[in-house]
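Novice: Heads up: the sequence lines are chains D and U, in that order. Residue numbers are given in our numbering: position 75 of the first sequence equals residue 75, and the series is strictly consecutive. In short: position in the second sequence from 1, add 1000, done, that's our numbering. Have a look at this one.
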Amino acid sequence: DAMVIQNPRYQVTQFGKPVTLSCSQTLNHNVMYWYQQKSSQAPKLLFHYYDKDFNNEADTPDNFQSRRPNTSFCFLDIRSPGLGDAAMYLCATSRINYNEQFFGPGTRLTVL
Amino acid sequence: DAKTTQPPSMDCAEGRAANLPCNHSTISGNEYVYWYRQIHSQGPQYIIHGLKNNETNEMASLIITEDRKSSTLILPHATLRDTAVYYCIVRVKGNTPLVFGKGTRLSVIA
């Protein structure tokens, strides 16, 4: 089945140690999004790609970077994770000018 | 910021209709009403969307008031699997990202 896959599902890192989360999709969608969801809060958009065009939200910390080497893959790099970065990270995709966003299961990041 | 207001929580008996309200009094003419839900420890899932006409699909019905300032999502026969946080979102159709509000936590009770 076509889907959005996130690996790993659970990631533990140490304070200040760089970490990379990955997202892949078999839907061939042009648009990919990264959301951060902290405990008991709603998802919050970090950035999104419209094809290779990168769009950063104004309040996304510089500590967060993203790469999209091809249509299928997108990575979220956290250069120096702090305790406040512990959260669920959600990847989503959509077709251009299409209504529905398809979400992956998320990666839960723990920072020790 | 989210442009919608929803009650923080609701209960519904299994098998009964769940009616989830949403206020969006500042909605613009080109903005649609979208509903997503998030079951615990999963990613959000699209349910339905509409502009001004009522909409129905296999999951739910969406009733939008004539002035478009509010809407109601209806799950006709709620099951325990419908227990989730339901998000009402207004946005322009297309690639604009979703801005999630606090949503309504629906608990379906046996």
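All residues carry an ideal CB built from backbone N, CA and C; glycine is no exception.
To the nearest angstrom, report how far apart U:G1015 and U:A1110 are at their CA atoms.
Specialist: For the purposes of this step, residue 1015 of chain U is taken as residue 15 along the second sequence, with counting starting at 1. For the purposes of this step, residue 1110 of chain U is taken as residue 110 along the second sequence, with counting starting at 1. Looking at the two C-alpha atoms, the distance is approximately 9 Å.
Novice: What are the boundary residues of the beta strand (DSSP E) that includes U:Y1032?
Specialist: Here the question's residue 1032 of chain U lines up with position 32 in the second sequence. It spans E1031 to Q1038 - the beta strand (DSSP E) in which U:Y1032 sits, taken as one unbroken run.
Novice: In chain D, what lies closer than 7 Å to U:P1097 by C-beta?
Specialist: As a position in the second sequence, residue 1097 of chain U is number 97, starting the count at 1. By Cβ distance, chain D contributes Y33, L45 and H48.
Novice: Since U:H1049 meets chain D, which of its residues come closer than 7 Å, beta carbon to beta carbon?
Specialist: Stepping through the second sequence from its first residue, residue 1049 of chain U is reached at position 49. Within chain D, the residues near U:H1049 are N99.
Novice: Beta strand (DSSP E) containing U:T1065: first to last residue?
Specialist: Against the second sequence, residue 1065 of chain U aligns to sequence position 65. Here U:T1065 belongs to no beta strand (DSSP E), and DSSP marks it neither H nor E.
Novice: Please confirm if D:I96 has its CB atom under 9 Å from at least one CB of chain U.
Specialist: As a working note, residue 96 of chain D is residue 96 in the first sequence. Yes, D:I96 counts as interfacial toward chain U.
Novice: According to a CB-to-CB cut-off of less than 8 Å, which residues of the region 10-32 of chain D neighbour chain U?
Specialist: Going along the region 10-32 of chain D in chain order, one finds V31 with a Cβ nearer than 8 Å to chain U.
Novice: Could you tell me which residues DSSP pairs with D:A87 in its beta bridges?
Specialist: Translated into positions along the first sequence, residue 87 of chain D becomes position 87. For D:A87, which the question treats as bridged, DSSP gives the partners D:L109.
Novice: Report the CB separation of U:N1053 from U:S1061 in whole angstroms; it is logged as a contact under 8 Å.
Specialist: For the purposes of this step, residue 1053 of chain U is taken as residue 53 along the second sequence, with counting starting at 1. For the purposes of this step, residue 1061 of chain U is taken as residue 61 along the second sequence, with counting starting at 1. So it is not a contact: roughly 11 Å between Cβ atoms.
Novice: Looking only at DSSP bridge pairs, what is D:Y33 linked to?
Specialist: Looking up residue 33 of chain D in the first sequence gives position 33. Bridge partners of D:Y33: D:H48 and D:A92.
Novice: Can you list the residues of chain D that U:Y1087 reaches, using a CB-CB cut of under 8 Å?
Specialist: Here residue 1087 of chain U refers to the residue found at position 87 of the second sequence. By Cβ distance, chain D contributes A42.
Novice: Would you mind reading off the limits of the beta strand (DSSP E) that contains D:V4?
Specialist: By one-based count along the first sequence, residue 4 of chain D stands at place 4. Note, D:V4: beta strand (DSSP E), V4 to N7.
Novice: Could you tell me which residues DSSP pairs with U:M1010 in its beta bridges?
Specialist: Numbered from its first residue, the second sequence carries residue 1010 of chain U at position 10. DSSP lists U:L1106 as partners of U:M1010.
Novice: If you check the beta carbons only, do D:Q41 and D:Y89 fall under 9 Å apart?
Specialist: Within the first sequence, the letter at position 41 stands for residue 41 of chain D. Within the first sequence, the letter at position 89 stands for residue 89 of chain D. In this structure, D:Y89 does not lie closer than 9 Å to D:Q41 by Cβ.
Novice: Flag this pair as yes or no: are the beta carbons of D:N55 and D:R95 separated by less than 9 Å?
Specialist: For the purposes of this step, residue 55 of chain D is taken as residue 55 along the first sequence, with counting starting at 1. For the purposes of this step, residue 95 of chain D is taken as residue 95 along the first sequence, with counting starting at 1. Cβ distance not < 9 Å, so D:N55 and D:R95 don't count as in contact.
Novice: Hey, would you say D:S72 sits closer than 9 Å to D:Q25, going by beta carbons?
Specialist: Taking the first residue of the first sequence as position 1, residue 72 of chain D is located at position 72. Taking the first residue of the first sequence as position 1, residue 25 of chain D is located at position 25. Yes, they are a contact pair.
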